[in-house]
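For the sequence shown, the working numbering puts the final residue at 207, and the numbers step up evenly by one.
Heads up, the beta-carbon is just placed ideally off N, CA and C, and yes, glycines get one too.
Note that the structure is a prediction, hence the values are computed from the model and not measured.
Written out below as structure tokens is the structure these notes cover.
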Amino acid sequence: MIRILLVEPMTLLRGALSAMLSQEDDFEVVADLGALDQALDMARAAPPDVAVVNIALLAGDGLNTISRLVAEQPGCATLALACPDESGLLNRAFDRRIDGVVSTQAPPCELVGGIRRLVRGERVIDAGLAVAMVAAPRSPLSPRELSVLSVAASGVPSTEVAAELHLSTGTVRNYISAILRKTGARNRLEAVRLAEGAGWFQ
């Protein structure tokens, strides 16, 4: 029996996926959750063979949660559900040991087949999403530049960015200038939107 942990924020979709997967004779949905922060405790209580996770939940601290899940449950494969416009986040997710990805627009049989292939130790990558991932712009920014832009994304002035990151205001201004030059953005807001859309923020 293949034990599945399903994490999907949309209640209606989560219910439909859970019902569909449960119809397979060799599948057991051990838990269906709406938030990723519940997944670690649930996986400890009922260790899954495959965790099926909506890629949107991997933004922010979600990738760290997935890394912890993989570390604690080495026998659990991870499968992300995604659409092409989330290619930047997908690239980062694969860097953190996501084993497969299926498009949210794929027919149910592809998800079912993908889960079985993961259990056999195969990698599962939706062809359309693979093309989008290759085409996704890679970040030209250094980790420090990304951290400056991440703090600046809240709209605070350079003085507050400097205080939070323990930098001088002049250094922050230099970083912002470099960010605008590298991204081609006209201002901080445009640079933030570009970085968020490409999934560059950790």
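Do G39 and V12 have their C-beta atoms within less than 9 Å of each other?
Taking 9 Å as the Cβ cut-off, G39 and V12 qualify as a contacting pair.
Got a sec? Which residues, its chain only, sit under 6 Å from D37 by beta carbon, not counting five neighbours each side?
L11, R19 and S23.
Find out if the Cβ-Cβ distance for the pair L151, A190 is shorter than 9 Å.
No, they are not a contact pair.
Using 8 Å as the threshold, is the region 159-167 in touch with the region 101-119, meaning 3 or more CB pairs across them?
Because the criterion of three Cβ pairs below 8 Å is not met, the region 159-167 and the region 101-119 do not touch.
Under three-state DSSP, which class holds A168?
DSSP places A168 in helix when its eight states are reduced to three.
For T16, count neighbouring C-beta atoms within 10 Å of its own C-beta (all shown protein chains included) and say buried if the count is 16 or more, exposed if not.
By the 10 Å Cβ count, T16 comes out exposed.
When the Cα of R186 is compared with those of G204, A168, S147 and H171, which residue comes out closest?
Among G204, A168, S147 and H171, the Cα nearest to that of R186 belongs to S147.
Quick check on this structure: which residue in L68, L26, E29 and T109 has the alpha carbon closest to the alpha carbon of G204?
Of L68, L26, E29 and T109, the residue nearest in Cα terms is L68.
Counting only the same chain and skipping the five closest in sequence on each side, list residues whose C-beta sits under 7 Å from that of S108.
A87, C88, D131, G133 and L134.
So N59 is in the alpha helix (DSSP H); what residue range does that whole segment cover?
It is not in any alpha helix (DSSP H) - N59 instead sits in the beta strand (DSSP E) that spans V55 to N59.
L45 and L84 look like a contact to me (Cβ under 8 Å); what is the Cβ gap, rounded to whole Å?
That pair is no contact at about 17 Å.
What span of residues does the beta strand (DSSP E) with I7 cover, start to end?
Its beta strand (DSSP E) spans residues I7 to V12.
Could you give the distance in angstroms between the alpha-carbon of V197 and the alpha-carbon of D66?
Those two C-alpha atoms are separated by around 18 Å.
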